[in-house]
Amino acid sequence: MEELPVMNQAQLQAQVSDGKYILFFTADWCPDCNFIKPAMPAIESEFPEYTFIKVDRDDNIDLCKELDVFGIPSFIAYDHGKETGRLVNKARKTQTEVEDFIKGLPTD
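If you read the sequence shown in the UniProt record's numbering, its first letter stands for residue 1, the second for the next number, and so on.
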C-alpha cells in the first residue's frame with residue numbers, strides 16, 4: 001500500500017482524479033488502527049480494482065480537518081476524483097465491516 005505524502009485537499013483531488021481509490025486514515029499510535037492493519041493486505045487483494053493509499057493522520061492533520069476525518073481508522077472511497085463513500089468514525093473496524101463497506105460502494 002502506498003503512503004500519501006503531506007498534501008492539501010486540492011492536491012488530493014488531483015491525486016485521485018483518475019481511477020478508483022480507497023484512502024485508509026491511520027496513525028501508528030492508534031490501537032484500533034493497529035487492529036485492522038494486519039487485515040489490509042487481504043482486503044486489498046479482494047478489491048484489485050481499487051488503489052489503496054495509507055494516510056498518516058498525524059502527517060496529514062490539515063487534510064484530515066479539510067475532509068472532516070476526526071476519528072481513525074477511517075476509509076474514504078473515490079472514483080475518478082468523486083467521493084463515493086466513507087466509513088469515517090473512531091470505532092474499531094473489522095475486516096468484514098471494511099469489506100462490506102467496499103462492496104456497498106456504487107459501481108459503474
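Here a beta-carbon is modelled for each residue, glycine too, at the ideal position from N, C-alpha and C.
Beta-carbon spacing of residue i, residue j below 7 Å
i   : j   : result
V36 : P73 : Note on identity: in this sequence residue 36 is Ile, with Val being the wrong assignment. Against a cut-off of 7 Å, the Cβ pair of P73 and I36 comes out as a contact.
L87 : F75 : yes
D53 : L23 : Checking the displayed sequence, the identity of residue 53 turns out to be Ile instead of Asp. Yes, the pair counts as a contact, with Cβ atoms nearer than the cut-off.
Nonlocal neighbours in the same chain, by C-beta distance under 6 Å from residue i, ignoring five residues either side
i   : result
V16 : Y78, G81
P31 : none
Close-in-space but distant-in-sequence residues of the same chain around residue i (CB under 7 Å, 5 per side omitted)
i   : result
Q9  : L63, E66, L67
R57 : F25, T26, A27, C64, I72
Sequence-distant residues of its chain with Cβ nearer than 8 Å to residue i (five each side left out)
i   : result
E83 : I76, A77
Count the C-beta pairs between the stretch 32-44 and the stretch 87-99 that are closer than 8 Å, then say yes if the count reaches three, no if not. yes
Any alpha helix (DSSP H) of 4 or more consecutive residues that is wholly inside the UniProt domain "Thioredoxin" (1-107): 9-15, 31-36, 40-46, 61-66, 95-103
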